[in-house]
Amino acid sequence: MAKKEDQKTNVMRLLDQSKVPYQAYCYADTEAISGTEVAAVLGQNPDQVFKTLVTVGKTGTHYVFVIPVNRELNLKKAAKAVGDKSVEMIKSKELLPLTGYIHGGCSPIGMKKPFTTVVHTSAQDFETILFSAGKIGYQVQVAPCDLQKMIPFTFADVAE
982 MAKKEDQKTN VMRLLDQSKV PYQAYCYADT EAISGTEVAA VLGQNPDQVF KTLVTVGKTG
1042 THYVFVIPVN RELNLKKAAK AVGDKSVEMI KSKELLPLTG YIHGGCSPIG MKKPFTTVVH
1102 TSAQDFETIL FSAGKIGYQV QVAPCDLQKM IPFTFADVAE
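The numbering of the sequence shown is my numbering, which starts it at 982 and goes up by one.
In structure tokens:
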């Protein structure tokens, strides 16, 4: 079952350095792959567990969207939120060189460089949200206001 783990990810170290309170979860010893499976294994509301998606706009600019695991990114709403003509998901093979993270372990915190980031408006409905700790099998739970201390982001309705 989900438990606290002594192993620290880079995301956890960055949160520690910034003195941001968080709860760490490990589900590495489970078969959970999808975000909704991770939410179930952790006994969490899937509306409160978020995934980190990286896109590229028509302009060539990269954007990060953090949305609930049980929702899909609406590309039109996403493009409008960042002021680009259109956005599309980047190819999986581009993720690691661009962000330093692999598919399934991408976190909005600790990317190789800062990207314009948009968090779905529903995050404001919760005291805390969960998202990847930067490694498959690990999640962190952080208050949205504390996440704002780590990375600049805006809230927008970008999911369906």
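Beta carbons are placed, not taken as given, at the ideal position from N, Cα and C, and that holds for glycine. Only a predicted model underlies this, so the values are computations on that prediction, with no experimental measurement involved.
Mapping the DSSP letters down to three states, classify residue i as helix, strand or coil.
i: residue 1141; result: coil
i: residue 1069; result: strand
i: residue 1126; result: helix
i: residue 988; result: coil
i: residue 999; result: coil
i: residue 1135; result: strand
i: residue 1102; result: helix
i: residue 1047; result: strand
i: residue 1109; result: coil
State buried or exposed for residue i, treating a residue as buried only when at least 16 other CB atoms are found within 10 Å of its CB.
i: residue 1098; result: buried
i: residue 1089; result: buried
i: residue 1135; result: exposed
i: residue 1126; result: exposed
i: residue 1120; result: buried
i: residue 1118; result: buried
Sorted by chain position, which residues of the same chain lie with C-beta nearer than 7 Å to residue i's C-beta, five sequence neighbours on each side aside?
i: residue 1096; result: 1043, 1044, 1045
i: residue 999; result: 1130, 1131
i: residue 984; result: The pLDDT assigned to residue 984 is 43, lower than 50, so where the model puts this residue is not dependable, and the model offers no usable value.
i: residue 1080; result: 1035, 1087, 1092, 1093
Is residue i near the ligand GTP, in the sense that its beta carbon is under 6 Å from a heavy atom of that ligand?
i: residue 1032; result: As presented, the structure is devoid of all ligands, the ligand GTP included, so that no description of it is given.
With a CB to CB cut of under 8 Å and the five nearest residues on each side skipped, what residues in its chain are close to residue i?
i: residue 1015; result: 1050
i: residue 1084; result: 1073, 1076
i: residue 1013; result: 1019, 1021, 1022
Given residue i, which residues of its chain have a CB within under 6 Å of its CB, disregarding the five upstream and five downstream residues?
i: residue 1062; result: 1099, 1137, 1139
i: residue 1067; result: 1039, 1060
i: residue 1047; result: 1031, 1033, 1089, 1100
Original post:
Quick one: any contact between the region 1039 to 1057 and the region 1000 to 1008, if contact means 3 or more CB pairs under 8 Å?
Top reply: The answer is no - the region 1000 to 1008 does not touch the region 1039 to 1057, with fewer than three Cβ pairs under 8 Å.
Original post:
Pairing CB atoms from the region 1106 to 1118 with CB atoms from the region 1019 to 1033, are three or more of them under 8 Å?
Top reply: Using a Cβ-Cβ distance cut-off of 8 Å, the region 1106 to 1118 and the region 1019 to 1033 are in contact, since at least three pairs of beta carbons, one from each stretch, lie closer than that value.
Original post:
Which ranges would you report for the beta strand (DSSP E) in the region 1005 to 1044 if only whole runs of at least 3 residues count?
Top reply: If we require 3 residues or more, the beta strand (DSSP E) runs fully inside the region 1005 to 1044 come out as 1031 to 1038.
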